[in-house]
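If you use my numbering, the sequence shown corresponds to residues -5 to 151, in order.
Data block below; observations after.
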Amino acid sequence: MAEELIVAQGGKMEKYEVLYRQIEALMAGESDIIANMANVAAMIHSTFGFWWTGFYRVVGEELVLGPFQGPLACSRIRYGKGVCGTAWREQMTQIVPDVEQFPGHIACSSLSRSEIVVPVWRGGEVVAVLDIDSEYLAMFDQEDKLWLEKVVKLFDR
Ligand code: SME
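Shown next as structure tokens:
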């Protein structure tokens, strides 16, 4: 794959379609999970211009910061804490339209207003979460959930 990201014109669906194809091609040629997380974070982040895009990896009883794009973030999140820890515990995608309304939200950045966190499965276990933050309220919906869950499925191999 050429090391240059193509961003589709048009709406969110068109952007995700083109993004997905590029992520699929990239991951087909690379087996290292950290390298793939790094490029996936970069590709999602540059396609949509989100505030923060990255992974937290499950390490023992905690989530530990992995590859990301955006400002400095919390290094560790306990099981069940914040939106990320909740996605891990519930093993389900969390869409938070207003982070101030989410009990226990961890404010790594005061500018973050809405968030989506998607569990990353590998061999029947959640091994990481993909966390995306926006500086706008209610940025994420079912369409993001669908596409991002499809993206993280590529890690399950
Ligand atoms: N807000 C997240 C913490 C991670 S940062 O936003 C990058 C949470 O509540 O889990």
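Beta carbons: idealized from backbone N, C-alpha and C, even for Gly.
- Inter-residue distance for GLU24 and SER128 is about 29 Å (C-alpha atoms, whole angstroms).
- Closest in alpha carbon position to HIS39, among ALA132, ILE126, GLU18 and GLN136, is ILE126.
- Bridge pairing for ARG51: VAL58 and ALA122 [DSSP].
- In summary, ARG70 is exposed, with fewer than 16 beta-carbon neighbours lying within 10 Å of its beta-carbon over all protein chains present.
- Within 8 Å of the C-beta of ASP125 there is at least one heavy atom belonging to the ligand SME.
- Per the Cβ contact rule, the stretch 6 to 18 is not in contact with the stretch 89 to 101 (fewer than 3 Cβ pairs under 8 Å).
- The secondary-structure analysis by DSSP pairs GLN63 across a beta bridge with THR47.
- A straight-line Cα-Cα distance of about 22 Å links THR87 and VAL12.
- For PRO61, same chain residues with a beta-carbon under 7 Å away, outside a window of 5 residues either side, are ILE28, MET31, ALA32, ALA35, GLY48 and PHE49 in chain order.
- Counting only runs of 4+ residues, the alpha helix (DSSP H) found wholly inside the stretch 1 to 35 occupies 6 to 22, in chain order.
- Rounded to the nearest angstrom, the gap between the Cα atoms of PRO65 and VAL58 is 16 Å.
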